[in-house]
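Take a look at the structure set out below.
See the structure below:
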């Protein structure tokens, strides 16, 4: 017999290798799951939650206005919110777009307009922040005063329900028309009892062009359209008083769906409009505006009141 010791058989490693491979696969799956889960949280764009940047779509009448630049920049730097301004040239579009979830907020209208929209459309959009009251001016490129308007001169006013009524009240204030029962916030041209001018209604976004083309001698032009058309304040021959208590329904507002009135991101964005950096630019562009900072609850109460008036006027 040999004295050389016998070597043991080599161990069978197949089972060990399978166990190691299985452990590696499990580890990879866990890592991938963690990475994907983290990516889902960090790229959320929902205004209601998520830890990443939020995108908020705001419908406006003119996103080229200069004060929107510091507003958008502040929204990003202060709240990590990407504000996307969606431009509308027609006043009838932003509220349905908001109601149908195409927007998160809009900022183009006053309380009176919103209340009339809710009453006629059966909607329940709500104001969540105030901006300013703008005077509603009568412009003329040929007359320097109301007295210089020729007899039976054509005068254009907006044809939407609320601005038509307010325009008529401005003409009555100027002594150009007399309205039935002194006029109301829901007066129409058929309520004119006497007139020194020919009143014609056109789309709000066409009032400035009607004036500039010479087809009318004077026109009621809303602030944003006057700014866009470059109409100078020197061409205003009469305007209403935006600081009057009677102007409360004409406070311009940020508007949200009723379900979102408590959304803190939206409330922060409404309040951000009053930041000094935004206000400095806004007042340079709108020296005649009267800035209003009204609690959301008060704005909503005023809207409810004006809605009731609108429904009562519709029932007559």
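Residue numbers (the working numbering): 178 to 493.
Positions of the beta carbon are idealized from the N, C-alpha and C atoms, including for glycine.
Note that the structure is predicted; figures quoted are calculated from it, not measured.
Beta-bridge partners assigned by DSSP to residue 314: 416. Judged by pairs of C-beta atoms under 8 Å, the stretch 454 to 469 does not touch the stretch 281 to 290, as fewer than three such pairs exist. Within the same chain, and ignoring the five residues on either side of residue 418 in sequence, the residues whose Cβ sits closer than 8 Å to its Cβ are 312, 424. C-alpha of residue 447 to C-alpha of residue 420: approximately 21 Å in a straight line. One thing to note: residue 429 has its Cβ no nearer than 9 Å to the Cβ of residue 383. Remark: fewer than three beta-carbon pairs, one from each stretch, lie closer than 8 Å, so the stretch 273 to 284 and the stretch 395 to 414 are not flagged as touching.
Distances from the alpha-carbon of residue 458 to those of 241, 394, 231, 340 put 241 closest.
When secondary structure is reduced to three states using DSSP, residue 361 falls in the coil class, being assigned neither helix nor strand.
Here residue 293 is buried. Its C-beta has 16 or more other C-beta atoms within 10 Å. Contact check between the stretch 354 to 371 and the stretch 303 to 323: fewer than three CB pairs, one atom from each, fall below 8 Å, which does not count as touching. Cβ-Cβ distances below 7 Å link residue 328 to 373 in the same chain, with the five nearest sequence neighbours on each side left out; the list follows chain order. DSSP, reduced to helix, strand and coil, places residue 306 within a strand of the structure shown. When C-beta atoms of the stretch 264 to 283 are compared with those of the stretch 476 to 490, fewer than three pairs fall below 8 Å, so the two segments do not count as touching. Cβ atoms of residue 332 and residue 395 come within 8 Å of each other, at about 5 Å. Within the same chain, 256 come within 7 Å of residue 445 by CB-CB distance, once the 5 residues on both sides are set aside.
Boundaries of the beta strand (DSSP E) harbouring residue 371: 369 to 372, taken from the DSSP string. Spanning the alpha carbons of residue 473 and residue 305 requires a straight line of approximately 5 Å. With a threshold of 16 other beta carbon atoms within 10 Å, residue 352 falls short and is exposed.
Looking only at 471, 403, 452, 339, the smallest Cα-Cα distance to residue 296 is reached by 339.
Excluding residues up to 5 positions away in sequence, 300 lie with their Cβ nearer than 6 Å to the Cβ of residue 276 in the same chain. Between residue 422 and residue 381, the C-beta spacing is not below 9 Å. In this structure residue 337 is buried. Its beta-carbon is surrounded by 16 or more other beta-carbon atoms within 10 angstroms.
Of 439, 316, 348, the smallest CA-CA separation from residue 402 is found for 316. Inside the stretch 234 to 298, DSSP marks whole alpha helix (DSSP H) runs of 4 or more residues at positions 245 to 256, 271 to 276, 288 to 298, from first to last along the chain. Distance check between residue 378 and each of 431, 344, 350 places 344 closest, using alpha-carbon atoms only.
Secondary structure in the stretch 372 to 450: the alpha helix (DSSP H) runs of 4 residues or longer, each lying completely within the stretch, are 384 to 389, 400 to 406, 441 to 449 in chain order.
Under the three-state reduction of DSSP, residue 328 is assigned to coil, being neither helix nor strand.
Under the DSSP definition of a beta bridge, residue 354 partners with 372.
Beta-carbon to beta-carbon, residue 442 and residue 258 are separated by about 6 Å, close enough to satisfy the 8 Å threshold.
For residue 438, the CB contacts under 6 Å within the same chain, skipping 5 residues up- and downstream, are 303, 305 in chain order.
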